[in-house]
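Working notes, beginning with the structure itself.
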Amino acid sequence: MFNYTFQWKQALARLPQMLDGAVVTMQVALLSMAIGIALAVVLTLFRLSRSRILSGIATSWVEIARNTPALFQIYMAHFGVASFGIHFSPWTSLLLGITFNNAGYLAENFRGALKAIPDTQARAGRSLGLSELQAFRFIVMPQMLRISFLPMTNQMVWAILMTSLGVTVGMNTDLYGVTQDLNALTFRTFELFAVAAVIFYLITKIIQLGARLLARRMFRY
Amino acid sequence: MFDTALSANDLIFLAKGAGMTIFVTLIAVFCGTVLGIVFGIFRYQVGPVIAAPLTFVLDVFRSIPLLIQLVLANAFLGMVLRLGMSGLTVACIVLTLYTSAYCAEIVRGAIESVPQPVRRAARSLGLSWRQDMTNIVLPLAVRVGLPSWIGLSLGVMKDSALVYVVQVTELLKSTQILITRLQEPLLLLMICGAFYFLISFPVARLGGYLEKRWTHD
Chain S
1 MFNYTFQWKQ
11 ALARLPQMLD
21 GAVVTMQVAL
31 LSMAIGIALA
41 VVLTLFRLSR
51 SRILSGIATS
61 WVEIARNTPA
71 LFQIYMAHFG
81 VASFGIHFSP
91 WTSLLLGITF
101 NNAGYLAENF
111 RGALKAIPDT
121 QARAGRSLGL
131 SELQAFRFIV
141 MPQMLRISFL
151 PMTNQMVWAI
161 LMTSLGVTVG
171 MNTDLYGVTQ
181 DLNALTFRTF
191 ELFAVAAVIF
201 YLITKIIQLG
211 ARLLARRMFR
221 Y
Chain D
1 MFDTALSAND
11 LIFLAKGAGM
21 TIFVTLIAVF
31 CGTVLGIVFG
41 IFRYQVGPVI
51 AAPLTFVLDV
61 FRSIPLLIQL
71 VLANAFLGMV
81 LRLGMSGLTV
91 ACIVLTLYTS
101 AYCAEIVRGA
111 IESVPQPVRR
121 AARSLGLSWR
131 QDMTNIVLPL
141 AVRVGLPSWI
151 GLSLGVMKDS
161 ALVYVVQVTE
171 LLKSTQILIT
181 RLQEPLLLLM
191 ICGAFYFLIS
201 FPVARLGGYL
211 EKRWTHD
């Protein structure tokens with residue numbers, strides 16, 4: 001049917017290398033999510049604070065993260081920052097770019113989640129003698145994280161997909177980078193990237209399944 | 001930073017890149033929305049079992065990095081089928097399918113948000129399926145779906161930055177070409193980022209405004 005011979009064996013022979021790449025992809029994505037969630041909580045606090053400067057910083061962070069391409073943010077972390085004489089390795093730039101993006105989107109999710117939590121709860125906490133920060137930490141934040149669990153799962157999937165952009169700043173240890181390097185060696189573009197696509201698909205499915213199981217365990221009423 | 005080798009010609013080059021970004025985005029959003037509406041209605045209409053293959057394919061588009069979709073499509077159309085398509089065509093096809101995958105989800109959610117009794121009431125008043133769809137479901141579903149659709153369109157604009165892998169010189173790629181020549185990454189990236197921001201931010205605000213307004217009445 002096609003005037004093309006598929007060479008799946010060549011691609012499958014490189015599967016171990018690609019799986020190593022998948023591990024790096026997972027690593028970067030998980031790290032960026034963990035730091036991203038922490039930063040997003042801080043950004044949420046900044047936005048709630050009465051200080052104009054703090055809420056200004058948080059708002060600009062969120063708007064820039066949400067209104068420019070992730071690829072641009074990774075470029076900025078690599079080439080933009082380099083103009084100040086700070087040179088990050090591709091791995092660090094990728095992590096910084098994705099984390100910046102994650103934190104912005106998650107902060108926006110958290111803001112939506114906050115709307116669903118009645119003000120009276122924080123006030124009740126305050127009248128029981130908790131400080132403002134304690135009321136946030138013990139009453140508001142746990143509910144906020146619970147409500148935004150599903151968006152967080154989606155963001156995690158996005159983080160996995162975004163790691164493929166690392167190749168543009170010279171990353172060659174993640175799944176996409178490894179595949180690209182193998183492609184340069186073997187020229188089996190279609191077969192190699194098809195295998196990479198299957199791995200990416202499986203990773204996202206595993207994450208979604210894991211999140212569902214985790215949610216069932218954590219959020220039993 | 002202020003004495004720069006950036007010339008008027010370079011700005012025209014950037015503007016061309018920006019034009020390409022907008023062009024690809026408009027095509028992908030338009031065709032993707034049409035396809036997405038068809039897929040969304042189909043999935044809602046035939047139920048989860050019959051629509052399972054379509055659901056799976058659309059899910060694949062949402063679970064694989066766009067970069068890989070573009071490379072794969074380029075390799076398949078170019079090396080396997082040998083169609084000799086231009087990179088721009090491949091980019092438009094892939095982005096269209098990518099958009100439709102997300103759009104189908106939005107459409108299905110929006111249709112499902114219309115309460116069943118409302119639709120049954122419409123049908124029992126003698127409206128045909130089509131009349132029910134256009135006069136009852138459409139106005140109600142648009143209110144639910146439009147804010148997400150605006151978000152999707154902006155997302156596609158941002159994701160269109162990746163079509164450089166199939167040799168389409170859009171805004172970010174032209175910025176990169178200029179960076180290689182002028183060696184002024186910060187200034188050029190700022191211009192590029194400002195462009196994306198200036199398009200995306202007002203539209204995102206509009207989406208937020210519509211969402212707020214429509215949920216209150």
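Keeping their order, the protein sequence lines are chains S and D.
According to the UniProt record's numbering, the first sequence is numbered sequentially starting from 1.
According to the UniProt record's numbering, the second sequence is numbered sequentially starting from 1.
Beta carbons: idealized from backbone N, C-alpha and C, even for Gly.
This structure is a prediction, so every number in the text was calculated from the model and none was measured.
query: Candidates Ala110(D), Leu186(D), Ser86(D), Phe13(D): which alpha carbon is nearest Tyr44(D)'s?
result: Within the second sequence, numbered from 1, the residue matching residue 44(D) stands at position 44. Selected option, being the one with the closest Cα: Ala110(D).
task: Would you tell me roughly how many angstroms separate the C-alpha atoms of Ala107(S) and Met79(D), rounded to the nearest one?
output: In the first sequence, residue 107(S) corresponds to position 107, counting from 1. In the second sequence, residue 79(D) corresponds to position 79, counting from 1. Cα-Cα distance, rounded: 43 Å.
query: When Cβ atoms are compared, which residues of the stretch 198–216 of chain D fall closer than 7 Å to chain S?
result: Ser200, Phe201, Ala204
- prompt: Val71(D) versus chain S: which residues are under 8 Å apart at the beta carbon?
  reply: Your numbering for residue 71(D) matches position 71 in the second sequence. For a Cβ distance threshold of 8 Å, residue set Thr189, Phe193 of chain S lies close to Val71(D), ordered along the chain.
query: Are the stretch 52–67 of chain D and the stretch 24–34 of chain D touching, with three or more C-beta to C-beta distances below 8 Å?
result: no
message: Quick check: is the beta carbon of Ala197(S) nearer than 7 Å to any beta carbon in chain D?
response: The residue you call residue 197(S) lines up with position 197 of the first sequence. Answer yes: the Cβ-Cβ gap between Ala197(S) and chain D drops below 7 Å somewhere.
query: For Ala101(D) versus Leu154(D), is the C-beta distance shorter than 7 Å?
result: Position 101 of the second sequence, counted from the start, is the residue given in the question as residue 101(D). Position 154 of the second sequence, counted from the start, is the residue given in the question as residue 154(D). Not in contact: Ala101(D) and Leu154(D) (Cβ atoms no closer than 7 Å).
- request: Output, in sequence order along the chain, the residues in the stretch 60–82 of chain S whose CB is closer than 8 Å to any CB in chain D.
  value: Glu63, Ile64, Arg66, Asn67, Thr68, Pro69, Ala70, Leu71, Phe72, Tyr75, Met76, Phe79, Gly80, Ala82
field: Beta-carbon neighbours of Cys192(D), restricted to chain S and to distances below 7 Å
entry: Locating residue 192(D) in the second sequence gives position 192, where the first residue counts as 1. Neighbours of Cys192(D) on chain S, chain order: Phe72.
message: Counting only beta-carbon separations shorter than 7 Å, does Leu54(S) have a partner in chain D?
response: Within the first sequence, residue 54(S) is the residue found at index 54, counting from 1. For Leu54(S), the answer is no, since every Cβ of chain D falls outside 7 Å of its Cβ.
- prompt: Lys205(S) touches chain C at which residues, Cβ-Cβ below 8 Å?
  reply: In the displayed structure, chain C is absent; the protein chains listed are S and D.
task: Using a Cβ cut-off of 7 Å, pull out every chain D residue sitting near Leu161(S), in sequence order please.
output: In the first sequence, residue 161(S) corresponds to position 161, counting from 1. Ordered by position in chain D, the residues that pass the 7 Å Cβ test against Leu161(S) are Pro65.
message: Since Ala135(S) and Ala122(S) should fall inside the 8 Å C-beta cutoff, what is the C-beta to C-beta distance between them, to a whole number of angstroms?
response: Sequence index remark: in the first sequence, residue 135(S) carries index 135 (1-based). Sequence index remark: in the first sequence, residue 122(S) carries index 122 (1-based). Between Ala122(S) and Ala135(S) the Cβ distance is about 5 Å, and since that is below 8 Å, they are a contact.
field: Touch test, the stretch 59–71 of chain S against the stretch 182–200 of chain D, Cβ-Cβ under 8 Å, three pairs minimum
entry: Counting Cβ pairs under 8 Å, three or more are found: they touch.
Presumed contact (8 Å Cβ cut-off) between Gly40(D) and Arg108(D), rounded CB distance: If you number the second sequence from 1, residue 40(D) lands on position 40. If you number the second sequence from 1, residue 108(D) lands on position 108. Contact flag correct, Cβ pair sits at about 5 Å.
- request: For Phe136(S), decide whether its Cβ has a neighbour in chain D, counting only Cβ atoms nearer than 7 Å.
  value: In the first sequence, counting from the first residue as 1, residue 136(S) sits at position 136. Not one chain D Cβ lies under 7 Å of Phe136(S).
task: Just the chain D side, please: which residues come within less than 9 Å of Phe200(S) by C-beta, in chain order?
output: Within the first sequence, residue 200(S) is the residue found at index 200, counting from 1. Here the neighbours are Ser63, Ile64, Pro65, Ile68.
query: Which term fits Val195(S), buried or exposed, when burial requires 16 or more other beta carbons within 10 angstroms of its beta carbon?
result: Here the question's residue 195(S) lines up with position 195 in the first sequence. Buried, since its Cβ has 16 or more Cβ neighbours within 10 Å.
query: For the alpha helix (DSSP H) that Thr21(D) lies in, which residues bound it at each end?
result: The count along the second sequence starts at 1 and reaches residue 21(D) at position 21. Its alpha helix (DSSP H) spans residues 8–50.
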